[in-house]
Amino acid sequence: MKLKDSLIIIAVSILMIITWIPVKVQGMEIIDIDYIEYLNSIEDTARPGYEVIVPAWDYVDTDMESLRVIDDLAGIKALATGETGYVEWEVEIPQNGFYNIEIQYFPLEGRGGDIERALMINGRIPFDGAKFLEFARVWTDEYDYRIDNQGNHIRAPQKEVFIWQTKLLEDSMGYSSEPYRFYFEKGLNRVRLVSRREPMALAYLKFFKYDNPLPYAEVIKEYREKGYKEVEGFIYKVQAEDAVYRSSKTLYPVYDKADPTVEPYHPAQIRLNTIGGQSWNKAGQWIAWKVNVPEAGLYKIGIKAKQNIRSGSFTVRKLYINGQVPFKEAEEIRFNYSNYYRMLVPGEAADNPFLFYLEEGENTIKLEVALGEFANMIAVTNSVLYELSTIYRQIIMITSRNPDPMRTYQLENKIPLLVERLQEQSRTLRKLAIDLEDYTGEKGDHISLLNSFAHQLDLLAERPDDRIPRSLGELRDNLASLGSWILMTTEQPLQVDYLVIASPEKEMPVASPSVWQILVHEVKSFIASFTHDYNQIGNVYDEGRSIKVWIGGGRDQAQTLKTMIEDSFTPVTGIQVNLELIQEGVILPATLAGKGPDVALSVSPALPINFFIRNAIVDLTEFEDFPEVAARFKQSALVPFKYRDSVFALPEQQVFPVLFYRIDILQEMGIKLPETWDDVIYVIAELQKNNMDFGLPYSNIEQIAVGGIGEATSGAGSIVAHAGVSTMLMLLYQSGGELYKVDGIETNLDSEVAIDAFTRWTELYELYNLPLYYDYANYFRMGEMPLLLTGYTFRNHLEVFAPELRGKWGFTLVPGTVQEDGSLNRTTPALGYGTANQGPGVIIMKNARDKEAAWEFLKWWTSAETQVRFGRELESIMGTAARYPTANIEALQLLPWRVEELEVLLEQWEWVKGLPEVP
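This note's numbering numbers the first residue of the sequence shown as 130 and each following residue consecutively.
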């Protein structure tokens, strides 16, 4: 580039730095005080025993347009609240002190996600956790399982049960072992609930003192005094998969073919014989069963369960009987690590089980994921991680990520209380290690991680100027490993086969398999591997009107799709579907051999055009109702599958970039969100003065085996992003340019506008030294890259794998280019997965036996109803990290987004431009 041009750019950048005064980021407020700090900040520790109940319909203020009073909602007068706005009540508190708050609520029909509210007392949110109060919905099986013609069980979809529930306000992450306490002064106080996600109805708000359950010794004594007797001669088994209610869609019956003692059992065919597993691991999730007993009295309870994920530790469950925790010990029932199922009978010893009082007839037993004493440890570790990440960020603001080992940075003088802060965190980590060893009785890798990190902090504190620059990489790795430890410890998985309710004298069933049972099982499984076709999913049809559909991906997704087909496609259309789990690379050779599918799902965007020009797939515009179907999508989603007047695939997913930002860092630096690319240049300059970076979209990612958090599915390893052309295309489109000329016969990259866009793009790397390769997840998490342009699905990753950043990040529209009329053009290309440029699609093969039947399937599969159900089912299997990025316009709006998130997505979606796939 010419020297003159470079000088002009530099001069403009300097002028912007001088004239653009940083301001506080609007709409990005964070709560700096956590719950522990909140409790410690109040000297008055009184907990009055008064109880005050405020009817929800007796509110005093609101801005909620959809608010309405319902005189009879399932027998109770209620206040129906929407998913935006607030409602405020006045409450007369009789005495200063801390009070617990209980809310009776009724979930209203919404997007199927957990309900979320923020609580304000007298105009302010008291602590950070009060901004994220969650209220669970209740789910059950829509019907009993079905059996396909291959002999496999097919699980039923989950349906919501609309019933009244009571909720003690508590930490939705489970980091506090007790319900939240809120401080009120005597007299009139104002309490406000702010809607953040999903509607619900309220019956009352209760302000009272929650009393912890009494110890078992006192409770059993009370039972004896009341004359409760031990029941004799009774034993009853409840299959875990027959649970009546659960708090999450992820808690559905699952199969286990690895253990011959499960009930029911088969070595090859799928039997829905357990519930839980990896999906039942988040604090607060619960599963409930109904049991009938012949008489009121005292019973023991056995739980046949397997915890084979957390080696060297245990998981915890809280047990409820008819909605109440019967005694203190029931708050923390431990399940130790084992590769096989074990029978756990809660008690003080093997021969001294706890006795539970059950009423005659029907009773409800509920198991809830709890963290036990892990809760406080994780809360403290989260604080340590955030503080050390802040210290790390302050260090690199002085040294950069690659410090000069020959230079003295005088860190101790430039970073306030650096040594003291390092020493304090070291002491905290050592105490955590001691507490954790005492609690678990184990001294494994999790203990050594805390001790080794504490040792490193001590060394750094001894000689900060000498050691910190040389140990920066190790410090970063340890921070990433500490984050992984938090995630691992927070997860509390458990898989349950059945529960047993029995008289104290009855022997419990043997739960673990014998050596002979294991041997027989292995032989049967080996034989079955030669006789069963594991590629086939569900029913297989040889007669009648049928089509063959291939899908890539995982078996869970394929099984979910097959269940939906059997539920809502075949019964309506009469078209039978043979669904097979096949990878995309097999389509071409199978088609050439005449054994290919009629329909292929989830094919990469480059495949359809290559098949179409070889006359191997169907032009979908041939179908009369194609225009109606095409209207389900943005035109940008259809572009990769169009050539001239032909459309040869329908889009399944579409991902586009948004701008992610760290609220806490931008507020700390006084930087506002960039609206234009000129603003971006200023922000880059501000960030780089502090050795931070601005992240641009990448073209592909690769996982590398280093410690830390990075992968959006497992949370282990690190993901490195490679700079791609998305930014150049963004600049090109925003300037009115196009990538191709008419019909894509030749590129338009020799145009003046394209050359200008290319120059501006490369200057971001040349003049401002933005990284070409970067670990985008960890950079954002550590604060090294507080602004990041990337696909909106990164939001799902942050929700799950960066819990310490809750409330400290957000996303907004991409930067735009100012037009001649003063408007802002925010056009952006769509993004894809891996090396793909855009989202996958679905095609009909030219040699399909029944093209009309195949087209009916495409219409059903891409409909809003089907896409919403598939997205919710997928999220129920894999959790929030698997939020489905559907290309269907209506379906995206029905997935469980927060209101402010959905508003950004819909606005940015209007600016998305598809990238043509050319021959």
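The C-beta atom is built at its ideal place from N, Cα and C for all residues, glycine as well. No experiment lies behind these values; they were computed from the predicted model shown.
Does residue i come out as helix, strand or coil in the three-state DSSP assignment?
i: G441; result: coil
i: V320; result: strand
i: S306; result: coil
i: S992; result: coil
i: M617; result: helix
i: L788; result: strand
i: P593; result: helix
i: M193; result: coil
i: L144; result: Only weak support is given to the placement of L144: the predicted model assigns it a pLDDT of 37, under 50, and the question is left unresolved by the model.
i: M637; result: coil
i: P769; result: helix
i: I794; result: helix
i: L1024; result: coil
i: A729; result: strand
i: S675; result: strand
i: I349; result: helix
i: D754; result: coil
i: I680; result: strand
i: L546; result: coil
i: I810; result: helix
i: F336; result: strand
Suppose you measure from the CA of residue i to the CA of residue j; what does that come to, to the nearest Å?
i: R400; j: S654; result: 14 Å
i: E634; j: P396; result: 34 Å
i: Y919; j: N954; result: It should be pointed out that residue 919 corresponds to Thr in this sequence rather than to Tyr. For T919 and N954, the distance between alpha carbons rounds to 18 Å.
i: L262; j: P328; result: 14 Å
i: G452; j: S467; result: 30 Å
i: N251; j: L868; result: 56 Å
i: Q294; j: V323; result: 19 Å
i: H851; j: P969; result: Residue placement at H851 is flagged as unreliable, the pLDDT there being 49, under the threshold of 50; a coordinate-derived value is accordingly withheld.
i: E620; j: K975; result: 48 Å
i: Y568; j: I507; result: 13 Å
i: L297; j: H282; result: 38 Å
i: E307; j: Y345; result: 18 Å
i: A1016; j: S765; result: 10 Å
i: R325; j: F311; result: 20 Å
i: L551; j: L586; result: 6 Å
i: E892; j: M857; result: 11 Å
i: Y790; j: V809; result: 13 Å
i: K433; j: I404; result: 11 Å
i: E488; j: V422; result: 8 Å
i: G242; j: D727; result: 35 Å
i: G725; j: N707; result: 12 Å
i: E1046; j: V776; result: 12 Å
i: A841; j: V882; result: Note on A841: pLDDT 32, under 50, position unreliable in the model; the coordinate value appears next. Those two C-alpha atoms are separated by around 37 Å.
i: I230; j: P1025; result: 26 Å
i: M859; j: P915; result: 21 Å
Assuming residue i contacts residue j under a Cβ cut-off of 8 Å, what Cβ separation, rounded to an integer in Å, is found between them?
i: F313; j: I162; result: Contact doesn't hold; Cβ gap of about 17 Å is too wide.
i: V373; j: I494; result: Actually they are not in contact, since the Cβ atoms of V373 and I494 sit about 10 Å apart, beyond 8 Å.
i: V943; j: V787; result: 6 Å
i: L334; j: A207; result: The pair is not a contact, with the Cβ atoms about 12 Å apart (cut-off 8 Å).
i: F483; j: K429; result: 7 Å
i: L730; j: V768; result: That pair is no contact at about 20 Å.
Identify the residues that DSSP records as bridge partners of residue i: which are they?
i: R326; result: E245
i: A1062; result: Because the chain spans 130 through 1048 in this model, residue 1062 falls outside it and cannot be assessed.
i: W415; result: E497
i: W218; result: V320
i: I746; result: M974
i: F235; result: A330
i: R375; result: W268 and I416
i: R253; result: I250
i: H282; result: I276
i: K366; result: V629
i: G226; result: F313
i: Y384; result: L401
i: S581; result: DSSP lists no partner for S581.
**OP:** Would you mind listing the beta strand (DSSP E) stretches within the stretch 850-938 that are 3+ residues and don't spill past its ends, in chain order?
**Re:** 916-920
**OP:** Please go through the stretch 450-501 and give each complete beta strand (DSSP E) segment of 3 or more residues, from N-terminal end onward.
**Re:** The qualifying runs are 462-465, 471-473, 476-478, 485-487 and 490-499.
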